[in-house]
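**Q**
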Amino acid sequence: MNQTPKRFIAGAICPRCAAMDRIRTWEQNGIRYRDCVSCDFFEQLPVEDEPPRELPTRVNQPRDNQQPASQEITPVRILDPGRRH
Ligand SMILES: [Zn+2]
Numbered sequence: 057m058n059q060t061p062k063r064f065i066a067g068a069i070c071p072r073c074a075a076m077d078r079i080r081t082w083e084q085n086g087i088r089y090r091d092c093v094s095c096d097f098f099e100q101l102p103v104e105d106e107p108p109r110e111l112p113t114r115v116n117q118p119r120d121n122q123q124p125a126s127q128e129i130t131p132v133r134i135l136d137p138g139r140r141h
């Protein structure tokens, strides 16, 4: 079984019951579905073909303009100070 995963839309408000974060969406066979888990709101929309992104033309762009990584991500380690039982 190949089930289509349903995802909640963060911040989406149901147009029927006005509940937030209760709208799920999924796509199937070129149709985008949305429904609400709080009421029986349901709709389906055709998935529009996304316009192709304009590919950057192959201009000779200088590569010496690389930005240095200004923010180094420091991994946060929570060290447990050897608590003994
Ligand atoms: Zn609803």
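Residue numbers for the sequence shown follow our numbering, so the first one is 57 and each next one is one higher. We put the CB at the ideal spot given by N, CA and C, even for glycine.
So the beta strand (DSSP E) P102 belongs to, where does it begin and stop?
**A** 98 to 102
**Q** Looking only at its chain, what residues have a beta carbon closer than 6 Å to the beta carbon of L101, apart from the 5 residues adjacent to it on each side?
**A** R88
**Q** Between the Cα of F97 and those of P61, C70, D105, spot the shortest distance and give me the residue it belongs to.
**A** C70
**Q** Within this structure, are the beta carbons of F64 and R90 separated by less than 8 Å?
**A** no
**Q** How about T60 and W82: are their beta carbons less than 8 Å apart?
**A** Contact flag set, yes.
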